[in-house]
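Chains as they are written, first to last, in my numbering: chain E, 1 to 476; chain L, 477 to 1120. All C-beta atoms in this analysis are idealised placements derived from N, C-alpha and C, irrespective of residue type, glycine included. The model shown is predicted, which means the values in this text are computed figures rather than measured ones. All remarks here apply to the structure that follows.
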Amino acid sequence: MTDFFILMKQELIIMVIIFILLAIKIGRYRSNEWLLDMVNLLLLVNFAAGFFFNKEGMLFNDMFRTTSLIVLEKNILSLGILIISLQSYSWLKNHKHVLEFYILLLSTLLGMFFMISSGNLLMFYLGLELSTIPLAAAANFDLQKKKSSEAAMKLIISSAFSSGLLLFGISLIYGTTGTLTFTGITTHITHDPLQLFAFILLLAGFAFKISVVPFHLWTADVYEGSPVAVTSYLSVISKGAVLFVFVSVLYTVFKPISDSWYNMLFLLSVLTIIIGNLFAIRQTNIKRFLAFSSIAQVGFILVGITGTSQLGTTSVIYFVLIYLFSNLAAFGVVSLVSAATGKEDINDYKNFYQTNPVLSWVLAIGLFSLAGVPPTAGFFGKFFLLMSGAGQGNYFLITIAALNMVISFYYYLRIVKAIFMDANDHPIEKLAIPGFPKIALYMCVAGIVLTGLVSYLYDHIHSLTQVADTVPFIGK
Amino acid sequence: MNYSIIALIPLLPLATFILLGLFGRKYFQTSGGIIATVALLASAIISLYVTYHYFFIDGKVNGTYRHITALNYTWLEFSPGISIDMGILIDPISMMMIVVVTFISLMVHIFSLGYMKGEDRFSTYFAFLSLFTFSMLGLVLSTNIFQLYIFWELVGLSSFLLIGYYFYKPSAVAASKKAFIVTRFADLGFLIGILMLGFHAQTLDISTLIQNLTNHQSPQFIGITTASFLGVSLLTWGLSLVFIGGAGKSAMFPLHIWLPDAMEGPTPVSALIHAATMVVAGVYLIARLFPVYALSAPQVLEIIMSVGAVSALIAAIIACTQTDIKRVLAYSTMSQIGYMMLALGVSKYGGEDGLGYIGSMFHLFTHAFFKSLLFLGAGAVIHFIHSNEMKDMGGLRKLMPLTHITFLIACLAIAGIPPFAGFFSKEEILLAAFRANKFIYGIALFTAGLTSFYMFRLYFSIFWNKPSTENKTGHHGEGTWSMKIPLVVLAVCSLLAGLVPFANYITSDGAVLNATNNIMFSIVPVAVSLGGILLSAYLYKKENDKPVRAAALFGTFYKAAHKKFYIDEMYLFVTQRILFNLIARPAAWVDKNIVDGFMNLTATTTGKVSESIKAMQSGRLQSYAIYFFGGVIAMAALFIYWWK
Chain E
1 MTDFFILMKQ
11 ELIIMVIIFI
21 LLAIKIGRYR
31 SNEWLLDMVN
41 LLLLVNFAAG
51 FFFNKEGMLF
61 NDMFRTTSLI
71 VLEKNILSLG
81 ILIISLQSYS
91 WLKNHKHVLE
101 FYILLLSTLL
111 GMFFMISSGN
121 LLMFYLGLEL
131 STIPLAAAAN
141 FDLQKKKSSE
151 AAMKLIISSA
161 FSSGLLLFGI
171 SLIYGTTGTL
181 TFTGITTHIT
191 HDPLQLFAFI
201 LLLAGFAFKI
211 SVVPFHLWTA
221 DVYEGSPVAV
231 TSYLSVISKG
241 AVLFVFVSVL
251 YTVFKPISDS
261 WYNMLFLLSV
271 LTIIIGNLFA
281 IRQTNIKRFL
291 AFSSIAQVGF
301 ILVGITGTSQ
311 LGTTSVIYFV
321 LIYLFSNLAA
331 FGVVSLVSAA
341 TGKEDINDYK
351 NFYQTNPVLS
361 WVLAIGLFSL
371 AGVPPTAGFF
381 GKFFLLMSGA
391 GQGNYFLITI
401 AALNMVISFY
411 YYLRIVKAIF
421 MDANDHPIEK
431 LAIPGFPKIA
441 LYMCVAGIVL
451 TGLVSYLYDH
461 IHSLTQVADT
471 VPFIGK
Chain L
477 MNYSIIALIP
487 LLPLATFILL
497 GLFGRKYFQT
507 SGGIIATVAL
517 LASAIISLYV
527 TYHYFFIDGK
537 VNGTYRHITA
547 LNYTWLEFSP
557 GISIDMGILI
567 DPISMMMIVV
577 VTFISLMVHI
587 FSLGYMKGED
597 RFSTYFAFLS
607 LFTFSMLGLV
617 LSTNIFQLYI
627 FWELVGLSSF
637 LLIGYYFYKP
647 SAVAASKKAF
657 IVTRFADLGF
667 LIGILMLGFH
677 AQTLDISTLI
687 QNLTNHQSPQ
697 FIGITTASFL
707 GVSLLTWGLS
717 LVFIGGAGKS
727 AMFPLHIWLP
737 DAMEGPTPVS
747 ALIHAATMVV
757 AGVYLIARLF
767 PVYALSAPQV
777 LEIIMSVGAV
787 SALIAAIIAC
797 TQTDIKRVLA
807 YSTMSQIGYM
817 MLALGVSKYG
827 GEDGLGYIGS
837 MFHLFTHAFF
847 KSLLFLGAGA
857 VIHFIHSNEM
867 KDMGGLRKLM
877 PLTHITFLIA
887 CLAIAGIPPF
897 AGFFSKEEIL
907 LAAFRANKFI
917 YGIALFTAGL
927 TSFYMFRLYF
937 SIFWNKPSTE
947 NKTGHHGEGT
957 WSMKIPLVVL
967 AVCSLLAGLV
977 PFANYITSDG
987 AVLNATNNIM
997 FSIVPVAVSL
1007 GGILLSAYLY
1017 KKENDKPVRA
1027 AALFGTFYKA
1037 AHKKFYIDEM
1047 YLFVTQRILF
1057 NLIARPAAWV
1067 DKNIVDGFMN
1077 LTATTTGKVS
1087 ESIKAMQSGR
1097 LQSYAIYFFG
1107 GVIAMAALFI
1117 YWWK
């Protein structure tokens, strides 16, 4: 029984927080400030609690499993949701339904935790749905804006579509292998065309969630229409969670057909990097821009996944952590500006430095890290991803990736140039930064600087992945 | 004993640098010098204590000094084995170097308190000095060859800052740029060299690297010696490239052209950087990797020997003709470092055969004292006269008695007259050269004669030559106490440093050796040196026209030497005429017409493609679903039936 509580500790804490929020909602009226303080405190507790009393093990006939690596992945997500919550302070302060928003968000986080811990395709599917459906509701949270409703509709319908195909894939796998457990599938999967087709459907489901071309088209519309908090949540947390599962599923469950998925990932990553970049170049809305640039970033992550299992897993987790800090630094500034002025156009950011030097620097550091300029952490993240990819000797892929890295410099730096160098008679006025968002931004900047320079983090992740899977993986 | 206290030695100057660099101009404009000096005094005391502990208490195991890794922090790990570490390596030469660096730096700090007084950027000057000291200490204590490289570059940077300290003087700015660029070229060789060695030895850790590359059975050694480029093994390439890096920093021919110009910096800086510490970094680097050179690639040592001999000779000849006293000292530094390189080149590994190595390190040690003394003395003279030119000096021995005595001691030391410090170290080098190669011994001996000649030419020109009454510029005394103390301390060191039984502490393989001086052997070199002194006394002691006539006797040769053998002009010709026309112009054309064209093409193509695929992102959900489904079908077709 104690095993149950310790192994499911992180899920249980989220549930308790959800119940506390429900209880507060039923109770007497509280001001938004009080509620936000309370929620942020609870999220901080949730993040901190992730570091204690951890144990590895399985529950419910291997339906649910947890390892040190999984705990670390969940901690990364908890950190992300804490930062996002701190950043949305200005937006939520004047919102009527603060608690509902958090209940929805935490439900999706719960879904992600179950998904990461799943040892069975059904469990995985449940987690995935739990992490998607509430998000569609959250996307609609700019209640007055039509675009927000549109984003929610698009998200829910395209998710339903992808889930349909994913379920089809799962049933085909069940039909051909006779099992849904991960260990069972590994022993039964072969290069049988029907099984490959099932795998492709599954892959498409994953690809949809992490916006891999050509399954990415929902991304830009949804990102643009949703409130910034939801956009950053979608682009960092839900993407990160699915990536964690994706990596482990590919390296363990579908290892017997690794030669097939290597080729698929190769093709998808080339497409994703190139098309993501091409679209990012011509965006004028900064949220849409970040959406497309994050598509290109996922392309780089796929390059890392094509490497060997240990380096691949390490570099992906490490990069997701860095990507979390960098993207949230950028989104944090965008969310402040958007909440205060409603401006979301890149041209509005011209000469932003003159009025808001601190925010300008945060945004610039975030963009530098996204672009991968040394010595920010983004450089190290991309470096390790490419190293991992290069391990397979596919230099064509590495060349494409490196070329696109250069192209991405161009569009990231275009924004930096607008902020610092372009003349503008009416720059965005000086913004007051409330305490919580300020803390969140500093956390992001510190993360960007330290994650790269302090090698402990990378080594730590590396040591955990070593435990997770010691069998060398042979690609191609 | 726990040697991690050593970390304080470089960290104290670093702390001073940060403090003075950030707040110096605001809060410590006048007290900055004292702060830096006190911090460095602490560093010097710690390093003396640690060195004492190492050499006399627990460094020796079974008659051999051990290598200790006091601290090692893995900073970035590329792959198992290959990582960039930050650490502290303790062995005889690193211990000797920390004493030399902290001690000389301390003397220079004290001297600068008086010399730089009243400068506008007084605290900035000390901030730079601290940065330099920190970098140099980090360099000598490195455990990892990449760490060494990082500090190596930092040393170059702080040297650049210090040479260009008088940034309002165009010549100083040009000199600092020249030093930076020339050494940067050499460092490129160094970087490629360490990447080659590190890659093939599968480690960047110095001790492991030496182990892997000296064990002739190890797979790493076999790998690096069988791989070759242009018919030469990669080991030879790597070690030669590393030597090029060292030669750049140590001003070896033909990469020495930056050193004389670097004298534009404040004189105490020249004493610290361009005499005692930074310029010997190249020698230290070769000594650090000496087992690899000696055991695995003796052919590279022959290159080092030749380069050292040529540098020693050429620099000594040029020094005889220069009239700017700091330039004479600069060439003399180059010549003496050539000596050290030559000694490493003739040395072998282990025991009695490693005499050259011992001599080289010994000379590095003694040279640091008397050369910095010469520079500081020259600084005092320049401070007094306000000129660098010999013709403005003369007859100063009465006006500057203390400077005169200390300068004389230093001159006797560098000329190799017993019992001064230079005698002992030079004897070992000459003996090693004599045993290895008679021709090189001849060059070294001739250079020794030249050395005593030009040093005493300098001495007589400054302190004798004219009657003392002629010089009335001395509006102030010889200098403040802070300028006098370092002179006296260094003079005492120049007198006594040679008496250290060096072979007992530092040998090529760490094993203690009892070397004795051979008195019979010393007769010839000492006689040659005395001859040089007598000749210069004959020519320069009194004001006369003998030097001019002597110069006329040598005619073109004198002129060529005076113009430094036109080496600078050759560089100019090669870079401006040949490189510019043959490489830069075509490169500019390619850049303008092909690279730019390609870039523009890429940009326009990207823009066009981006425009044409925008229809994909229509905003209509049903078309998104089509793309989604199309993607699944296409992948299925592709991967199941076609690209299995």
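Comparing alpha carbon positions, the residue from E/185, E/332, E/193 and E/430 closest to residue 251 of chain E is E/185.
By the neighbour-count definition (other C-beta atoms within 10 Å, threshold 16), residue 915 of chain L is an exposed residue.
The continuous stretches of beta strand (DSSP E) do not include residue 132 of chain E, which lies in the alpha helix (DSSP H) extending over residues 121 to 139. Under the three-state reduction of DSSP, residue 595 of chain L is assigned to coil, being neither helix nor strand.
The C-beta of residue 1111 of chain L comes closer than 8 Å to at least one C-beta of chain E. The Cβ neighbour count for residue 882 of chain L, taken over all protein chains shown within 10 Å, is at least 16; the residue is labelled buried.
Contact check for residue 670 of chain L against residue 623 of chain L fails: the beta carbons are separated by 8 Å or more. With respect to chain E, the C-beta atom of residue 1103 of chain L has a partner C-beta closer than 8 Å.
L/922 is the residue among L/922, L/796 and L/568 whose C-alpha sits nearest the C-alpha of residue 1001 of chain L.
Taking a contact as a CB-CB distance under 8 Å, the pair residue 942 of chain L and residue 864 of chain L does not count as one, their CB atoms being some 17 Å apart. Inter-segment contact for the region 953 to 972 of chain L and the region 799 to 818 of chain L is absent: fewer than three beta-carbon pairs are separated by less than 8 Å. Judged by their CB atoms, residue 112 of chain E and residue 229 of chain E are not nearer to each other than the 8 Å cut-off. Identification of residues in the region 539 to 555 of chain L having a C-beta nearer than 7 Å to some C-beta of chain E yields 550, 551, 552 and 553, given in sequence order. DSSP places residue 663 of chain L inside the alpha helix (DSSP H), whose first and last residues are 646 to 677.
With 16 or more other CB atoms across the displayed protein chains lying within 10 angstroms of its CB, residue 603 of chain L is buried. By the C-beta density criterion, residue 287 of chain E is buried, having at least 16 other C-beta atoms within 10 angstroms. At a cut-off of 8 Å between C-beta atoms, residue 196 of chain E counts as an interface residue with respect to chain L. Look at residue 459 of chain E here: in three-state DSSP terms it is helix. Boundaries of the beta strand (DSSP E) around residue 564 of chain L: 558 to 566.
For residue 64 of chain E, the uninterrupted beta strand (DSSP E) segment begins and ends at 64 to 66. The C-alpha of residue 37 of chain E is placed about 14 Å away from the C-alpha of residue 20 of chain E.
Residue environment for residue 895 of chain L: exposed (fewer than 16 other C-beta atoms within 10 angstroms of its C-beta). Along the region 719 to 733 of chain L, there is no position whose C-beta sits under 9 Å from a C-beta of chain E. None of the residues of the region 604 to 632 of chain L has a beta carbon lying less than 9 Å from any beta carbon of chain E.
For residue 837 of chain L, the enclosing alpha helix (DSSP H) has its first and last residue at 831 to 861.
With contact defined as three or more Cβ pairs closer than 8 Å, the region 917 to 935 of chain L and the region 557 to 575 of chain L are not in contact. Taking one beta carbon from each stretch, the region 276 to 296 of chain E and the region 231 to 238 of chain E have 3 or more pairs nearer than 8 Å; the two touch. At a cut-off of 8 Å between C-beta atoms, residue 675 of chain L does not count as an interface residue with respect to chain E. DSSP places residue 332 of chain E in the helix class (H, G or I) of the three-state scheme. Residue nearest to residue 710 of chain L within the set L/693, L/739, L/675 and L/722 is L/675 (criterion: CA-CA distance). In the DSSP secondary-structure assignment, residue 118 of chain E is bridged to E/64.
The beta-carbon of residue 201 of chain E is placed less than 8 Å from the nearest beta-carbon of chain L. Leaving aside the five residues that flank residue 720 of chain L on each side, the residues in its chain whose CB is nearer than 8 Å to its CB run, in chain order, 662, 665, 666, 669 and 731. Taking the beta carbon of residue 156 of chain E as reference, no residue of chain L falls within 7 Å; the closest one sits roughly 10 Å away. The residue among E/163, E/115, E/219 and E/140 with its C-alpha nearest the C-alpha of residue 1095 of chain L is E/219. A contact between stretches requires three or more CB pairs, one per stretch, nearer than 8 Å, and the region 835 to 852 of chain L meets this requirement with the region 573 to 585 of chain L.
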